[in-house]
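Report on one structure; see the data block that follows.
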Amino acid sequence: ARFVETVLAAERSDVYAYRVDVTNVPGARAMLEEWRLTPAGTGTRVRWTFAADGTAPFRFVLDRARPGL
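Each residue of the sequence shown is one higher than the one before, starting from 1 at the first, in our numbering.
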């Protein structure tokens, strides 16, 4: 798949967010991802947020994939 993205937030060691402006993924109209990193004991907690919109078949596939994401 091909993606052209715009970075919306990039704060070192804290948050990284971007939106997909152009893609060749069939049925996709809009996608956004955010990654938040927070210290957790001796490691790091990662919180990933993903939002997408598209045609009915695209949304159907995303809905079925949700448990694996």
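Cβ coordinates follow ideal geometry from the N, Cα and C atoms, glycine included.
Because the structure is a prediction, the values reported are computed rather than measured.
Are the CB atoms of residue j and residue i within a distance shorter than 8 Å?
i	j	result
Phe58	Glu33	no
Thr23	Ala1	yes
Exposed or buried, which one is residue i when buried takes at least 16 other CB atoms within 10 Å?
i	result
Ala28	buried
Below 8 Å on the Cβ atoms is my contact criterion, and I expect residue i with residue j to pass it. Report the Cβ-Cβ distance as a whole number of Å.
i	j	result
Val15	Arg45	The Cβ separation is near 13 Å, so there is no contact.
Glu11	Asp21	In fact, because the Cβ distance is near 21 Å, the residues do not count as touching under 8 Å.
Which residue wins for smallest C-alpha separation from residue i, given the options the options?
i	options	result
Tyr18	Gly68, Leu69, Ala30 and Asp63	Ala30
Pro26	Ala56, Arg47 and Ala65	Ala56
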